[in-house]
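Chains as they are written, first to last, in the working numbering: chain A, 1 to 247; chain B, 1001 to 1310; chain C, 2001 to 2309.
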């Protein structure tokens, strides 16, 4: 579904992503792990279109998307959630989701009809709120949610665009055990409908959810394979997993 | 037009550009530092220029001497600047740019009115010091106002001093560190509040110097700050926010384009187009030249020519 | 509250006439015109989050088009006013297309620069008044009744204002309005959800400029005079102060701010309150504005509103 060939990106003198080639198969949950600073978020930025690649190609659903802007990639079915929560803080949860739904349901160059009258939009928004576990909180302002709930909304915004592939950048960042558990459940629920590329540090979640794991160190992809293979991989253990697993 | 005449015209315009550019640099330097270090848009910078000119005119009339009044005006305006910073502008550092724009805009209105109350609506007389009122003969036989040469000399001297201050002294290093990375400067344990006040007072003094020097040439009147303020902002956008070097290059560039444009374009147009078109088109085109320049810089190099920020 | 204001606005001229204070009708009309201009700025500034310091360019351009056409003998409002709106919209398209490629302080600076450019272009048109501006022989014609009648003029302006405010109301509650606000709240997120941000911002900018152009056409008629001060960046700043005074991003922010600011101006410059000091009305007005900006950034309409949504 998603295929990266030889992707490269540098910032000044620093090479953040170095010749990464990766393929994400349809329907799988593919986890991307690696130490801090390995370039994972940069890679996500390249895939989503927030950053322009210096070299390499990205192909999604058979089409070249390397030159497309972010909003065009979203329209093509590639959505993203951010590591640092990026939601519409002063809008209600429902409005947040409705906005995302609105983006792919007809033109928003409509100036006359009040949005409030479009019941279908809000119904869909409620449905997604259900999916992400926020059904009781739809009328709250996004600001008023707890951290875990905001992260869920973050994922919800990506889902609301009905993507084929969703890039989740550390959805569990800053979460306690209870919230993490709920997020894992959320991802388990949605995997039936979307392909997931998941960047995470939480190894528990990674090993529970992932069909395949790729490991990035210093901007390069060092291993890809099934979870057991990765666990057994010496190089990976040395570079990264060692203390994580032992803990 | 003979070659000799063109040469003289060009030389005169170059000197005028230099003179105006250097004075513009004085304003831009203070502005870019405040903007670069405190991340604050200060529209009231032009008001400090106006206050400096007014104080200069007053002190010159009171003491009867240009050169005695000058340091007095500089110190007085620096004090005004420091008081303004401590009492008011400090509150704006943490606010968003829109708030800063509006607050300092309100300060312009207040300052203009206060000046009107104290000095009235008429523009003030400020004369060049005796000894610099006549022309000087330059190589090539051209006459040029000695006062304007003095302005150029003062401008160059101050530019040199600023360069020295910023690159060779410890304070200068702190200022540059602050301009490129405020958090880092804070982490280094710099007493940020005093540094800010100091930078602001210095900027105010530079404004006063420009106002005092330009007073005899331009009119000392309410509202003189607004016109030059825009130019100063254009300069720092072109030069790069936070960079003194950028302010100098930008100011000279703006001075050059503006002066040359105003002087030469109408002549060129008169040769190319019919008189009614030339007389309408020439002046309007030359006025907008610097803005076209700024737009071009923003388009190709949005950070300015010498960006201070990493 | 709103009903009381509406009744006041509708009956004001009649009341003034009864009190034999017709002079105040002109002042009120001026408030209505600036209410429209401020509302147009509030659209880009408050709703769109675009700090445009060049709004005077559109306001003044609209005014100058009407003035120039009148000077050339074209006084019909059916020609002059739509043309004013069209020219202002075109200016907004060009200025917006370039400026919206920048962000933050650069955006503020470049809109300011463009406003200055527009100012200089019009000022240097010696044939159309240059520094001194241009007088119009009369107000626009074409309606069958004379617009020099203060009553007729007031109600025409009021009618236009109500129409524009109604259109704006529909706009901000429509899909388009939602997207514009979302972009203001979180531009990255809006793009990440699939909206082409630039297009929306540009269209918002153009609509705002067009309305400012209409307000400009009206102000030219109000005083039968156009002068370069309409295009000056100080005018832009004044409009911004109106918006923030009234409440940036609040629907009534523009009109409320315009009314209050102009009322303050009238109060301080006209009354015996300050005696000989009434000439210096800009001082208390400036102080009040500074206080509002520093301590009450939500403005007047914000203070009256419920909690932020």
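By construction, the Cβ of each residue, glycine as well, lies at the ideal position given by its N, Cα and C atoms.
* Asked: Short check: CB of residue 1215(B) to CB of residue 1011(B), under 8 angstroms?
  -> no
* Asked: What does residue 2053(C) touch in chain B if you count any residue whose Cβ is under 9 angstroms from its own?
  -> The answer, in chain order, is 1101.
* To do: Would you mind sorting residue 2078(C) into buried or exposed? The rule is 16 or more other CB atoms within 10 Å of its CB.
  => exposed
* **Per DSSP, the bridge partner or partners of residue 30(A)** => 197(A), 212(A)
* To do: Measure the Cβ-Cβ separation of residue 2222(C) and residue 2033(C) and say whether it is below 8 angstroms.
  => yes
* **From 216(A), 18(A), 137(A), residue whose alpha carbon lies closest to that of residue 97(A)** => 137(A)
* Asked: Do you know how far the Cα of residue 1155(B) is from the Cα of residue 1067(B)?
  -> 16 angstroms
* Asked: So does the segment 2240–2255 of chain C actually touch the segment 2285–2293 of chain C, counting three or more Cβ pairs closer than 8 angstroms?
  -> yes
* To do: Can you grab the Cα-Cα spacing for the pair residue 1082(B) / residue 1199(B), in whole Å?
  => 9 angstroms
* Label residue 246(A) either buried or exposed according to how many other C-beta atoms from any shown protein chain fall within 10 Å of its C-beta, with 16 as the threshold for buried. => Only weak support exists for where residue 246(A) lies, its pLDDT of 47 falling under 50; the value from the coordinates is given anyway. Around the C-beta of residue 246(A), fewer than 16 other C-beta atoms lie within 10 Å, and the residue is accordingly described as exposed.
* **Cross-chain neighbours of residue 103(A) in chain C, by beta carbon under 9 angstroms** => 2179, 2190, 2193, 2194, 2195
* Asked: What number of angstroms, rounded off, separates the C-alpha of residue 1001(B) from the C-alpha of residue 1271(B)?
  -> Bear in mind that the predicted position of residue 1001(B) carries a pLDDT of just 45, short of 50, making it too unreliable to give a figure here.
* **CB of residue 2214(C) within 8 angstroms of CB of residue 2057(C), strictly** => no
* Give the interface partners of residue 2296(C) over in chain B, defined as CB-CB distance under 8 angstroms, in chain order. => In chain order: nothing, as chain B lies at least about 11 angstroms away.
* To do: Only counting runs of 4 or more residues, tell me where the alpha helix (DSSP H) segments fall wholly within the segment 74–140 of chain A, in order along the chain.
  => The segment 74–140 of chain A contains these whole alpha helix (DSSP H) runs: 93–103, 119–131.
* Asked: What residues of chain C sit near residue 1294(B), judged by a beta carbon separation below 9 angstroms?
  -> 2109, 2110, 2113
* **Counted within 10 angstroms of its Cβ, other Cβ atoms place residue 2144(C) as buried (16 or more) or exposed** => exposed
* To do: Kindly list the residues whose CB is nearer than 7 angstroms to the CB of residue 2054(C), restricted to its own chain and excluding five residues on each side of it in sequence; keep chain order.
  => Excluding sequence neighbours, residue 2054(C) sits near 2095, 2111, 2112, 2114, 2115, 2236.
* Asked: Does the beta-carbon distance from residue 182(A) to residue 2185(C) come in below 8 angstroms?
  -> no
* To do: May I ask you to report which of helix, strand or coil DSSP gives residue 1291(B)?
  => helix
* Counting only runs of 3+ residues fully inside the segment 1141–1202 of chain B, write out the beta strand (DSSP E) ranges in chain order. => If we require 3 residues or more, the beta strand (DSSP E) runs fully inside the segment 1141–1202 of chain B come out as 1142–1145.
* Asked: Taking C-alpha atoms, which residue in 2015(C), 2025(C), 2014(C), 2061(C) lies nearest to residue 2037(C)?
  -> With distances taken between Cα atoms, residue 2037(C) lies closest to 2061(C).
* To do: Report the three-state DSSP secondary structure of residue 2284(C) (helix, strand or coil).
  => helix
* Asked: How about residue 2205(C): is its C-beta nearer than 8 angstroms to some C-beta of chain A?
  -> no
* Asked: What's the call for residue 2136(C), buried or exposed, on a 16-neighbour Cβ count within 10 Å?
  -> buried
* To do: Look up residue 58(A) in the DSSP assignment and give the residues it is bridged to.
  => 4(A)
* To do: Please report how far the alpha carbon of residue 2167(C) lies from the alpha carbon of residue 2203(C), in whole angstroms.
  => The straight-line gap from Cα to Cα measures roughly 15 angstroms.
* Asked: Since residue 108(A) meets chain E, which of its residues come closer than 8 angstroms, beta carbon to beta carbon?
  -> As a matter of chain content, chain E is missing from the structure shown, whose protein chains are A, B and C.
* To do: Please go through the same chain and pick out, in chain order, the residues whose beta-carbon is closer than 6 angstroms to the beta-carbon of residue 2220(C), but skip the five residues on each side of it.
  => 2063, 2066, 2067, 2226
* Asked: In whole angstroms, what is the alpha-carbon distance linking residue 2049(C) and residue 2211(C)?
  -> Computed Cα separation, rounded: 18 angstroms.
* **chain C contacts from the segment 156–171 of chain A (Cβ-Cβ distance under 7 angstroms)** => 157, 161
* Reduced DSSP category for residue 202(A) - H, G, I as helix; E, B as strand; rest coil -> coil
* CA nearest to the CA of residue 1070(B), picked from 1116(B), 1142(B), 1128(B), 1174(B) -> 1128(B)
* Asked: Between residue 212(A) and the rest of its own chain, which residues show a CB-CB distance below 7 angstroms, the 5 nearest in sequence each way excluded?
  -> 28, 30, 224, 225, 226
* To do: Can you have a look at residue 112(A) and say buried or exposed, based on whether 16 or more other CB atoms are within 10 angstroms of its CB?
  => When all chains shown are included, residue 112(A) counts as exposed.
* So, are the CB atoms of residue 217(A) and residue 16(A) less than 8 angstroms apart? -> For residue 217(A) and residue 16(A), no; Cβs fall outside 8 angstroms.
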